[in-house]
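Everything on this sheet refers to the single structure shown next.
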Amino acid sequence: MDEIVKAISDDGFVSVSVISSRALVERARAIHNTTPVVTAALGRTLSAASIIGSALKKSGASLTVRINGGGPAGNIIAVSDNEGNVRGFVQNPAADLPKNALGKLDVGGVVGVNGTLSVIKDFGEKEPYSGATRLVSGEIAEDFAAYFASSEQVPTACAFGVLVDRDRSVLAAGGYIVQLLPGASDGVIDSVELNVAATGAVTDVLNNGGAEALLSSVMAGFSPRVIERSNVEYRCTCSRERFRNALLSLDKAELDDMRLKGEPVEVSCQFCEAVHVYDVAELVETS
Ligand code: ZN
Numbered sequence: 001m002d003e004i005v006k007a008i009s010d011d012g013f014v015s016v017s018v019i020s021s022r023a024l025v026e027r028a029r030a031i032h033n034t035t036p037v038v039t040a041a042l043g044r045t046l047s048a049a050s051i052i053g054s055a056l057k058k059s060g061a062s063l064t065v066r067i068n069g070g071g072p073a074g075n076i077i078a079v080s081d082n083e084g085n086v087r088g089f090v091q092n093p094a095a096d097l098p099k100n101a102l103g104k105l106d107v108g109g110v111v112g113v114n115g116t117l118s119v120i121k122d123f124g125e126k127e128p129y130s131g132a133t134r135l136v137s138g139e140i141a142e143d144f145a146a147y148f149a150s151s152e153q154v155p156t157a158c159a160f161g162v163l164v165d166r167d168r169s170v171l172a173a174g175g176y177i178v179q180l181l182p183g184a185s186d187g188v189i190d191s192v193e194l195n196v197a198a199t200g201a202v203t204d205v206l207n208n209g210g211a212e213a214l215l216s217s218v219m220a221g222f223s224p225r226v227i228e229r230s231n232v233e234y235r236c237t238c239s240r241e242r243f244r245n246a247l248l249s250l251d252k253a254e255l256d257d258m259r260l261k262g263e264p265v266e267v268s269c270q271f272c273e274a275v276h277v278y279d280v281a282e283l284v285e286t287s
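So this is what it looks like as structure tokens:
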């Protein structure tokens, strides 16, 4: 089962959130039938959104990440609830590219770098908070680090990885976000950088020891204290009623047109495989 583990260093200057997200990324892959490189792009984005969403304390709050880099994958959307349960989609799930010069999935290439990463935090009241930053590489982790530095002014290191098997299923997925709290000394910063470098590929660490091993590696020497542990999953919030309401909010001329045709109206969810079918008689305001 996928999980998020959060910890803080003994001295209180370093906080870390680690996610093991193999099952939720595999679910996203199965729903959207993504190519391996798009699975990696979407999986990294979902993993990041899950961690950031899980930090929104307010019940009912949600977080939306939108990445539009202009690459062959098109726009990537990930939405998390306040517990880190996520859903997402990508505009062109069949986009594909050869491996990059390092022999890795070319996530930066398929995402593109000509655009922005935007984060919207909706607390269900007033205007949602929204921040955006220009993409750095399209490799996702670097882009999130840049977002935190520029939009939230928090020094952040993060890494996300997705390992795809020969049959295209997801073997391992996850990552971490490490943040420095105000007052952290240069020594602390250097140690975090060394830990990040020594940790290497997150999917290797996750495969060998899960979220716990990843946390220990990133927080080596900091005597981390676990403060929260929670299970997360791929979860869509769509429902028949919700889609019906969306249909009812369409343009009046469009609705009249549907009623005139008299044929059942079919709506498919962008986030999951649900298809909702409505009889025209249902598309009449009841209240
Ligand atoms: Zn759905």
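Using the working numbering, read the sequence shown as starting at 1 and increasing by one per residue.
No residue lacks a Cβ here, since even glycine has one placed at the ideal position from N, Cα and C.
- Restricting attention to Ile4, Val14, Arg29, Asn33, the CA atom closest to the CA of Ser20 is found in Ile4.
- Comparing alpha carbon positions, the residue from Ile52, Asp279, Val38 closest to Ala145 is Ile52.
- Only buried fits Asp2, as 16 or more other CB atoms lie within 10 angstroms of its CB.
- Of the other Cβ atoms in all chains shown, fewer than 16 fall within 10 Å of the Cβ of Gly183; this residue is therefore exposed.
- In chain order, the residues with a C-beta atom nearer than 6 Å to some heavy atom of ligand 1 are Cys236, Cys238, Cys269, Phe271, Cys272, Ala274.
- Nearest to Arg44 by alpha-carbon distance, out of Ala173, Gly187, Pro224, is Ala173.
- Put simply, of Tyr176, Ala157, Asn208 the residue whose alpha carbon is nearest the alpha carbon of Ile189 is Ala157.
- The three-state reading of DSSP puts Ile120 in strand, counting E and B together.
- Assignment of Ile189 by DSSP, reduced to helix, strand and coil, places it in the helix class.
- Fully contained in the stretch 210-249 are the following alpha helix (DSSP H) runs of length 4 or more, in chain order: 240-248.
- In chain order, Val25, Ala28, Arg29, Val162, Val164, Arg168, Val170 place their CB closer than 8 Å to the CB of Thr39, counting only its own chain and leaving out the 5 sequence neighbours on each side.
- Between Arg87 and the set Asp204, Ile76, Gly262, Asp96, the nearest pair of CA atoms involves Ile76.
- Our two residues, Ile8 and Gly138, have alpha carbons roughly 29 Å apart in a direct line.
- In the assembly as shown, Asp106 is a buried residue. Its beta-carbon has 16 or more other beta-carbons within 10 Å.
- In the DSSP annotation of this structure, the continuous segment of the alpha helix (DSSP H) that includes Glu26 starts and ends at 22-32.
- Sorting Asp10, Ser17, Phe13, Gly12 by C-alpha distance to the C-alpha of Ser230 places Ser17 at the top.
- With distances taken between CA atoms, Val218 lies nearest to Gln179 out of Asn207, Glu273, Gln179, Gly74.
- DSSP places Asp81 within a strand segment (E or B) once states are collapsed to three.
- For the 8 Å CB-CB criterion, Ser50 and Val205 do not form a contact.
- Restricted to the stretch 124-164, the alpha helix (DSSP H) segments that are unbroken, complete and at least 4 residues in length are 141-151, listed in chain order.
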